Every structure is written in structure tokens, then in C-alpha cells.
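This report concerns only the one structure given below.
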């Protein structure tokens, strides 16, 4: 049985026109791993979600596993000396089978592939 959580103003039904008090249309975005057949969230935006113009080739992410005891650590991210754009400057800090948590410091614009 599906479950729903409501936060903020939402329409009475899903996937219909939803307008603010000035009759401006909210933009609906569906966020899910499996589409409509799995758990998903409807997000409503004041402005259209960012349009994807191009998806380039994904470069492999190199991760070095630390075979050490788990303990508290202070990660000095300022000392990582990260350079590049929003993608190339990323440095993985923590990971498991589901997620990689990285730190990045973008100092350059992303170059568009030809």
C-alpha cells in the first residue's frame, strides 16, 4: 500500500494543473529511481526545472579503499587542493555500495564537448 507525506501546499490530486494565488502555474517534477511503478516524489517549482542540454561520457571514478579501523576522523577538505570544473574537481571522501560522497571546488567553467 502506498504511503504519502505532504510538506507545504500541494494539489488535492497528483499530476494536474497546480497554480499559486496569482494563478501562476507551478512546474511539476517527478523524482524517482523506478518511475511511476516505485516510490517517487512530486516536486513543484516556481520556475521550470533546469533543462538538460547534453549528457557527456561519464569518466570512471577512482576510489582508494582504506583498510583501517573505523574511527572518528577530521577531514581537512581545504587541504585537498582541488582544481578544475564542477566534475573534474571532485574528490571522493566516503562511499558504500549505494553512494559516493565527494568534495569539489569548481574554479573553471565546464567545457562543452564538440
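In the working numbering, the protein residues as written are 12 to 125.
Positions of the beta carbon are idealized from the N, C-alpha and C atoms, including for glycine.
Quick caveat, the model's predicted, so the values are computed rather than measured.
*Measure the beta-carbon distance from residue 97 to residue 117 and round it to whole angstroms, keeping in mind my assumption that it falls under 8 Å.*
4 Å
*asked:* Taking the straight line between their C-alpha atoms, what separation do you get for residue 67 and residue 122?
replied: 11 Å
*Does the Cβ-Cβ distance between residue 39 and residue 53 come in under 7 Å?*
yes
*Taking only the alpha-carbon atoms, compute the straight-line gap between residue 27 and residue 90 and give it to the nearest angstrom.*
49 Å
*DSSP beta-bridge partners of residue 111*: 106
_Beta-carbon contacts of residue 37 that lie in its chain and below 6 Å, excluding the five residues immediately before and after_ = 29, 55
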